[in-house]
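Quick note on UniProt numbering: the sequence shown kicks off at 1 and runs consecutively. Glycine included, every Cβ here is placed at the ideal spot set by N, Cα and C. What follows is a single structure, written as structure tokens, with notes after it.
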Amino acid sequence: MDTIQSAPRAVRRDTRIVSMLAAAIALAVFLIDALTPLDIAIAVLYVVVVLLIASTGNRAATVTTAWGCVILTLIGFILSHDENVSGGALARCAVSLLAIGTTAVLSLRIQATTTKTQEQLELLNLAHDAIVAHDMNDRITFWNRGAEALYGYTAREAIGQPVQRMTQSNSPVPHAQIRAELLRSGRWDGEITRVRHDGGEIVIASRAALLRDAKGMPRAVLATSNDITQRKRMEAELQRQRDALKRSEAFLLDAQRLSLTGTIATRLPAGTMWWSGEAYRIFDYPRDMTPSIDAILARAHPDDIGIVRGAHEAALNGACDIDVEHRLLLPDGSVKHVHFVAHRASGESDGDEYVGALMDVTETKLAQEALARSTAELAHVTRVTMLGELAASIAHEVTQPLAAIVTSGDAGLRWLNRAQPEIAEAQQSITQMIRDARRASEVIARIRAMARKRDSQPATLDVNEIIGETIELVRRELGRHRVDVRTDLATPPPTVRCDRVQLQQVLINLMMNAAQAMSGVNGPRVLRIATRESASDAGCAEIAVQDSGTGISEDNARRLFDAFFTTKAEGMGMGLSICRSIIEAHGGRIWAESPDEGGARLLFVLPENEGSDDEH
Numbered sequence: 001m002d003t004i005q006s007a008p009r010a011v012r013r014d015t016r017i018v019s020m021l022a023a024a025i026a027l028a029v030f031l032i033d034a035l036t037p038l039d040i041a042i043a044v045l046y047v048v049v050v051l052l053i054a055s056t057g058n059r060a061a062t063v064t065t066a067w068g069c070v071i072l073t074l075i076g077f078i079l080s081h082d083e084n085v086s087g088g089a090l091a092r093c094a095v096s097l098l099a100i101g102t103t104a105v106l107s108l109r110i111q112a113t114t115t116k117t118q119e120q121l122e123l124l125n126l127a128h129d130a131i132v133a134h135d136m137n138d139r140i141t142f143w144n145r146g147a148e149a150l151y152g153y154t155a156r157e158a159i160g161q162p163v164q165r166m167t168q169s170n171s172p173v174p175h176a177q178i179r180a181e182l183l184r185s186g187r188w189d190g191e192i193t194r195v196r197h198d199g200g201e202i203v204i205a206s207r208a209a210l211l212r213d214a215k216g217m218p219r220a221v222l223a224t225s226n227d228i229t230q231r232k233r234m235e236a237e238l239q240r241q242r243d244a245l246k247r248s249e250a251f252l253l254d255a256q257r258l259s260l261t262g263t264i265a266t267r268l269p270a271g272t273m274w275w276s277g278e279a280y281r282i283f284d285y286p287r288d289m290t291p292s293i294d295a296i297l298a299r300a301h302p303d304d305i306g307i308v309r310g311a312h313e314a315a316l317n318g319a320c321d322i323d324v325e326h327r328l329l330l331p332d333g334s335v336k337h338v339h340f341v342a343h344r345a346s347g348e349s350d351g352d353e354y355v356g357a358l359m360d361v362t363e364t365k366l367a368q369e370a371l372a373r374s375t376a377e378l379a380h381v382t383r384v385t386m387l388g389e390l391a392a393s394i395a396h397e398v399t400q401p402l403a404a405i406v407t408s409g410d411a412g413l414r415w416l417n418r419a420q421p422e423i424a425e426a427q428q429s430i431t432q433m434i435r436d437a438r439r440a441s442e443v444i445a446r447i448r449a450m451a452r453k454r455d456s457q458p459a460t461l462d463v464n465e466i467i468g469e470t471i472e473l474v475r476r477e478l479g480r481h482r483v484d485v486r487t488d489l490a491t492p493p494p495t496v497r498c499d500r501v502q503l504q505q506v507l508i509n510l511m512m513n514a515a516q517a518m519s520g521v522n523g524p525r526v527l528r529i530a531t532r533e534s535a536s537d538a539g540c541a542e543i544a545v546q547d548s549g550t551g552i553s554e555d556n557a558r559r560l561f562d563a564f565f566t567t568k569a570e571g572m573g574m575g576l577s578i579c580r581s582i583i584e585a586h587g588g589r590i591w592a593e594s595p596d597e598g599g600a601r602l603l604f605v606l607p608e609n610e611g612s613d614d615e616h
């Protein structure tokens with residue numbers, strides 16, 4: 001700032017000195033011209049005065065000085081000559097006046113040219129780009145303010161210095177190569193790394209042009225440069241992000257291909273849609289096909305078209321999330337199972353945009369079906385094995401009504417063989433026979449149901465009733481283990497939707513495990529079975545089977561429902577694992593607890609089926 005403020009003061013000081021010198025010369029010339037008898041054109045020296053004033057650049061002062069010198073020339077001529085003026089004196093005066101006028105005119109033209117040049121230079125200084133000119137010896141002749149800001153050197157420091165020193169380059173393009181291109185074509189442009197005065201590196205975009213004289217000889221080089229360091233950094237960062245995006249896209253494509261998951265995006269209600277490559281593969285469409293809801297419906301299984309339409313209508317109505325599973329029927333007749341989930345990504349004035357994932361879950365579905373079949377077969381084997389363990393109880397349950405039938409039959413025959421047949425008594429015996437036969441038939445039916453290999457048949461069941469039937473089925477076995485059964489059943493009885501045989505299998509397994517767990521107990525062996533409304537699972541019925549055995553260790557409790565885990569010497573370790581599979585398949589859960597009073601308590605919950613009209 002001090003340098004800028006001191007510059008005008010220095011100019012004014014120099015102007016005053018020049019003006020004083022010009023005035024002194026003008027006075028000396030006037031005195032010599034007017035007071036000496038020299039026969040020479042002394043007044044021509046006024047040209048020096050005009051040139052001195054013209055050097056200040058003041059146009060008005062130059063004109064005034066020129067007229068002043070003309071007047072002084074005329075006054076000096078009059079004072080130095082009488083009436084008899086010779087022709088030579090007039091010629092000398094005319095030459096002096098002509099010289100003064102010519103010098104003034106030329107000085108004014110030079111001033112005008114200089115002013116125009118200075119204005120142009122000021123315009124160059126206003127440019128943000130760095131503008132540098134140097135001669136063919138690489139000496140800097142012009143250095144604008146943009147160059148000062150870019151390189152950190154002032155014009156005073158740079159002008160006259162070698163251009164390579166002021167603009168040090170770390171560019172792979174050598175200076176000699178740039179110079180050769182300038183001499184060949186007259187132009188060069190490119191990117192160069194320069195070193196600033198403070199040592200910092202900058203990247204510049206530079207354009208250079210070669211100036212030639214009238215004879216076509218190289219005279220100077222003009223170069224303009226602008227700092228693109230930040231732009232290059234942004235370009236590098238953008239390129240890095242593009243590379244990262246390409247890698248992410250490649251990873252996404254691989255992930256979609258490996259996971260059999262495609263992407264679907266759509267804008268509603270316009271219906272414009274975009275599919276990823278994996279989505280095209282799942283739908284078995286060529287990539288040049290325009291995706292649409294009609295194309296999806298064309299691939300939907302006829303039985304599942306309603307599911308697809310319902311999901312589309314939900315999206316049209318502004319649903320936030322879509323989650324559906326359905327099947328696809330492909331042109332070759334094969335069937336695919338797909339799971340589609342979507343989320344409303346944005347809501348704009350022109351509609352809603354949804355982004356979703358389409359997963360081919362065919363293999364998963366087939367695996368689940370195979371697992372379900374294997375589980376059902378294993379459950380069947382377990383039931384048959386369990387029936388073998390209950391053979392004595394089953395035989396008793398069947399033998400008891402059969403013996404009663406024989407007894408009632410004998411009694412009926414005796415009543416009929418009397419001399420006077422007792423018809424009423426015989427009818428009573430026959431009625432008793434029918435009741436016992438039905439009882440035996442029911443026992444056999446339950447055993448056949450337990451032994452039969454069939455698919456799950458869910459129905460609305462009275463839990464208390466199923467517990468009662470199961471207790472009767474295993475009562476003899478429980479009696480053999482000296483187990484006292486106590487029940488605490490909820491009123492009204494809870495109802496659940498479950499397969500009757502599978503629920504009985506779970507209850508039998510839990511009861512038999514409890515009986516076996518108490519086999520080594522010397523004290524009372526009590527089996528408590530309770531039902532109630534679940535406090536932890538809303539809308540569920542809770543069934544608890546508790547024994548008075550030795551309990552379950554913490555380590556065993558964590559693995560109790562794992563397949564092949566058993567604490568029995570001859571156990572397979574599949575009973576409780578199958579129980580868990582059955583309960584979870586019906587939407588419930590099963591767990592074990594260690595009550596404070598000792599023993600073990602196994603509990604499971606099943607969703608209640610209130611208000612159903614299904615038969616029990």
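**Item:** Beta carbon of E608 nearer than 9 Å to that of V496
**Value:** In the sequence shown, counting from the first residue as 1, residue 608 sits at position 608. In the sequence shown, counting from the first residue as 1, residue 496 sits at position 496. Cβ distance < 9 Å, so E608 and V496 count as in contact.
**Message:** With distance defined between alpha-carbon atoms, name the residue in R109, E353 and G409 nearest to Q428.
**Reply:** Against the sequence shown, residue 428 aligns to sequence position 428. Distances from the CA of Q428 to each of R109, E353 and G409 were compared; the closest alpha carbon is that of G409.
**Same chain only: Cβ atoms within 7 Å of R12, ignoring 5 sequence neighbours per side** = Residue numbering aside, residue 12 sits at position 12 when the sequence shown is read from its first letter. Exclusion of the five residues before and after R12 leaves no residue of its chain whose Cβ lies closer than 7 Å to its Cβ.
**Prompt:** DSSP on N609, reduced to helix/strand/coil?
**Reply:** Stepping through the sequence shown from its first residue, residue 609 is reached at position 609. Three-state result, N609: coil.
**Request:** Count the other CB atoms, across all protein chains shown, that sit within 10 Å of the CB of K116; report buried if there are 16 or more and exposed otherwise.
**Result:** Translated into the one-based positions of the sequence shown, residue 116 becomes position 116. Flag for K116 reads exposed.
**Message:** Contact defined as beta carbons within less than 8 Å: I believe R299 pairs with L330. What is the distance between those atoms, to the nearest angstrom?
**Reply:** The residue you call residue 299 lines up with position 299 of the sequence shown. The residue you call residue 330 lines up with position 330 of the sequence shown. Their Cβ separation, rounded to whole angstroms, is 7 Å, which keeps R299 and L330 in contact under 8 Å.
**Message:** According to DSSP, I159 sits in a beta bridge with which residue or residues?
**Reply:** For the purposes of this step, residue 159 is taken as the residue at position 159 of the sequence shown. I159 is not bridged to any residue.
**Prompt:** Measuring CB to CB, does I322 end up less than 9 Å from P291?
**Reply:** The residue given as residue 322 occupies position 322 in the sequence shown. The residue given as residue 291 occupies position 291 in the sequence shown. Contact annotation: I322 and P291 have beta-carbon atoms that are not nearer than 9 Å.
**Asked** What did DSSP end up calling P421 once you bin it into helix, strand or coil?
**Response** Position 421 of the sequence shown holds residue 421. Residue state, collapsed to three classes: coil.
**Item:** Length of the line joining the Cα atoms of Y153 and W274
**Value:** If you number the sequence shown from 1, residue 153 lands on position 153. If you number the sequence shown from 1, residue 274 lands on position 274. Distance between the alpha carbons of Y153 and W274 is about 57 Å.
**Distance between A424 and A437 (C-alpha atoms, nearest Å)** = Taking the first residue of the sequence shown as 1, we reach residue 437 at position 437. Taking the first residue of the sequence shown as 1, we reach residue 424 at position 424. Rounded to the nearest angstrom, the gap between the Cα atoms of A437 and A424 is 20 Å.
**Request:** Determine the extent of the beta strand (DSSP E) in which C498 is found, giving its start and end residues.
**Result:** Here residue 498 is taken as the residue at index 498 of the sequence shown, counted from 1. Unbroken beta strand (DSSP E) run through C498: T495 to D499.
**Item:** Limits of the unbroken beta strand (DSSP E) element including H326
**Value:** Residue 326 sits at position 326 when you count from the first residue of the sequence shown. Unbroken beta strand (DSSP E) run through H326: D321 to L329.
**Request:** Compare the beta carbon distance of E475 and V485 with 9 Å and say whether it is the shorter of the two.
**Result:** Numbered from its first residue, the sequence shown carries residue 475 at position 475. Numbered from its first residue, the sequence shown carries residue 485 at position 485. Before going on, a small fix: residue 475 reads as Arg here, not Glu. Yes, they are a contact pair.
**Message:** Closest to G200 by C-alpha separation, out of R257, D227 and L489, would be which residue?
**Reply:** Position 200 of the sequence shown, counting from 1, holds the residue named residue 200. Of the listed residues, the one whose Cα sits closest to G200 is D227.
**Message:** Based on DSSP bridge pairs, tell me the residues matched to A544.
**Reply:** Taking the first residue of the sequence shown as 1, we reach residue 544 at position 544. Its beta-bridge partners are A530 and L603.
**Request:** Compute the distance between the beta-carbons of V44 and I100, then report whether it is under 9 Å.
**Result:** Sequence index remark: in the sequence shown, residue 44 carries index 44 (1-based). Sequence index remark: in the sequence shown, residue 100 carries index 100 (1-based). Result yes, Cβ atoms of V44 and I100 sit closer than 9 Å.
**Where H134 sits in the DSSP three-state scheme** = As a position in the sequence shown, residue 134 is number 134, starting the count at 1. DSSP places H134 in strand when its eight states are reduced to three.
**Asked** For D129, which of helix, strand or coil comes out of DSSP?
**Response** Within the sequence shown, numbered from 1, the residue matching residue 129 stands at position 129. It is coil, neither helix nor strand.
**Request:** In the DSSP assignment, find the unbroken beta strand (DSSP E) run with T141 in it and report its ends.
**Result:** On the sequence shown, position 141 is the one that residue 141 refers to. That run of the beta strand (DSSP E) goes I140 to W143.
**Message:** For V341 and A357, which I take to be in contact (beta-carbon distance under 8 Å), what is that distance rounded to the nearest angstrom?
**Reply:** Numbered from 1 along the sequence shown, position 341 holds the residue referred to as residue 341. Numbered from 1 along the sequence shown, position 357 holds the residue referred to as residue 357. The pair is a contact, with the Cβ atoms about 6 Å apart (cut-off 8 Å).
**Asked** Quick one: Cα of M217 to Cα of L51, how far?
**Response** Here residue 217 is taken as the residue at index 217 of the sequence shown, counted from 1. Here residue 51 is taken as the residue at index 51 of the sequence shown, counted from 1. Between M217 and L51, the C-alpha separation is close to 33 Å.
**Request:** Please look up how many angstroms separate the CB atoms of D135 and G146, rounded, as I've assumed it's under 8 Å.
**Result:** The residue given as residue 135 occupies position 135 in the sequence shown. The residue given as residue 146 occupies position 146 in the sequence shown. Between G146 and D135 the Cβ distance is about 20 Å, and since that is not below 8 Å, they are no contact.
**Message:** Once DSSP output is grouped into helix, strand and coil, what is the label at A411?
**Reply:** For the purposes of this step, residue 411 is identified with residue 411 of the sequence shown, where counting begins at 1. If DSSP states are grouped into helix, strand and coil, A411 belongs with the helices.
**Asked** For A342, does the three-state DSSP call read helix, strand or coil?
**Response** In the sequence shown, counting from the first residue as 1, residue 342 sits at position 342. The answer is strand: DSSP assigns A342 an E or B state.
**Message:** In the DSSP assignment, the alpha helix (DSSP H) including S185 goes from what residue to what residue?
**Reply:** The residue given as residue 185 occupies position 185 in the sequence shown. Judged by DSSP secondary structure, S185 falls within the alpha helix (DSSP H) whose first and last residues are H175 to S185.
**Message:** What does the alpha-carbon distance come out to for the pair G277 and L252?
**Reply:** Mapped onto the sequence shown, residue 277 falls at position 277. Mapped onto the sequence shown, residue 252 falls at position 252. Going by the C-alpha atoms only, they are around 11 Å apart.
**Message:** Less than 9 Å between the C-beta atoms of D39 and A94, yes or no?
**Reply:** Indexing the sequence shown from 1 puts residue 39 at position 39. Indexing the sequence shown from 1 puts residue 94 at position 94. Contact check for D39 against A94 fails: the beta carbons are separated by 9 Å or more.
**Asked** To the nearest angstrom, how far is it from the Cα of V49 to the Cα of A133?
**Response** Here residue 49 corresponds to residue number 49 of the sequence shown, with the count starting at 1. Here residue 133 corresponds to residue number 133 of the sequence shown, with the count starting at 1. Rounded to the nearest angstrom, the two C-alpha atoms are 34 Å apart.
**Asked** Can you list the beta strand (DSSP E) stretches of 3 or more residues lying completely in the region 234-312, in chain order?
**Response** Runs of the beta strand (DSSP E) lying entirely within the region 234-312, each at least 3 residues long, are 261-268 and 272-275 in chain order.
**Message:** Using DSSP's beta-bridge definition, name the partner residues of A34.
**Reply:** In the sequence shown, counting from the first residue as 1, residue 34 sits at position 34. A34 is not bridged to any residue.
**Prompt:** Can you name the start and end residues of the beta strand (DSSP E) that E584 belongs to?
**Reply:** Along the sequence shown, read from residue 1 onward, the residue named residue 584 stands at position 584. It is not in any beta strand (DSSP E) - E584 instead sits in the alpha helix (DSSP H) that spans G575 to A585.
**Request:** Could you pull out every residue in the same chain whose Cβ sits closer than 7 Å to the Cβ of V591, ignoring the five residues on either side in sequence?
**Result:** Stepping through the sequence shown from its first residue, residue 591 is reached at position 591. The sequence given here places Trp at residue 591; Val does not occur at that position. Annotation for W591: L603 place their beta carbon closer than 7 Å to its own, counting only its chain and skipping 5 residues before and after.
**Request:** Go through its chain and collect everything with a Cβ distance to E472's Cβ below 6 Å, but skip five positions before and after it.
**Result:** Position 472 of the sequence shown, counting from 1, holds the residue named residue 472. Within the same chain, and ignoring the five residues on either side of E472 in sequence, no residue has its Cβ closer than 6 Å to its Cβ.
**Message:** Between I159, N170, I71 and T224, which has its C-alpha nearest A127's C-alpha?
**Reply:** Taking the sequence shown and counting its residues from 1, the one referred to as residue 127 is at position 127. In this structure, T224 is the residue among I159, N170, I71 and T224 with its C-alpha nearest to the C-alpha of A127.
**Asked** What is the rounded straight-line gap between the Cα of A66 and the Cα of I110?
**Response** Position 66 of the sequence shown, counted from the start, is the residue given in the question as residue 66. Position 110 of the sequence shown, counted from the start, is the residue given in the question as residue 110. Per the coordinates, the alpha-carbon of A66 lies some 15 Å from the alpha-carbon of I110.
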